[in-house]
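As structure tokens, then:
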């Protein structure tokens, strides 16, 4: 079942709040933002052009998490492959070390 418009909007709002909070965190030198692509949400560095760092894909009533290392290939998120709720996704992202996933350079 595809994600509903209401669910993707709710998830997008939560992700925007997460990006604002993470960007303002002490030690962060990367401003984060999010974009929607179909049933997916991208977290990325707010630079020109937007550089995706994390991808959240909704399928089979679950959110699947991916991150993009410097190689450019999307890899499954190492600590939580999927979650049944978007709040579980946010909780996992809040635990991610700044130096691993959130640096654009």
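In the numbering used here, the protein residues as written are 2 to 106.
In this text, a Cβ means the ideal position worked out from N, Cα and C, and glycines have one as well.
So what's residue i in DSSP terms, helix, strand or just coil?
{"i": "residue 16", "result": "helix"}
Rounded to whole angstroms, what's the CA-CA distance from residue i to residue j? Just pull it up for me.
{"i": "residue 69", "j": "residue 58", "result": "14 Å"}
{"i": "residue 67", "j": "residue 29", "result": "21 Å"}
{"i": "residue 89", "j": "residue 72", "result": "27 Å"}
{"i": "residue 95", "j": "residue 5", "result": "25 Å"}
Please name the residue in the options whose C-alpha comes closest to that of residue i.
{"i": "residue 85", "options": "50, 16, 64 and 76", "result": "64"}
{"i": "residue 16", "options": "33, 97 and 27", "result": "33"}
{"i": "residue 48", "options": "31, 97 and 12", "result": "31"}
{"i": "residue 40", "options": "83, 74 and 9", "result": "9"}
Let me know if residue i comes out buried or exposed under the rule of 16 or more other beta-carbons within 10 Å of its beta-carbon.
{"i": "residue 23", "result": "buried"}
{"i": "residue 87", "result": "buried"}
{"i": "residue 53", "result": "buried"}
Any chance the CB of residue i is under 8 Å from a heavy atom of the ligand ADP?
{"i": "residue 75", "result": "Looking for the ligand ADP in the displayed structure turns up nothing, as the structure carries no ligands at all."}
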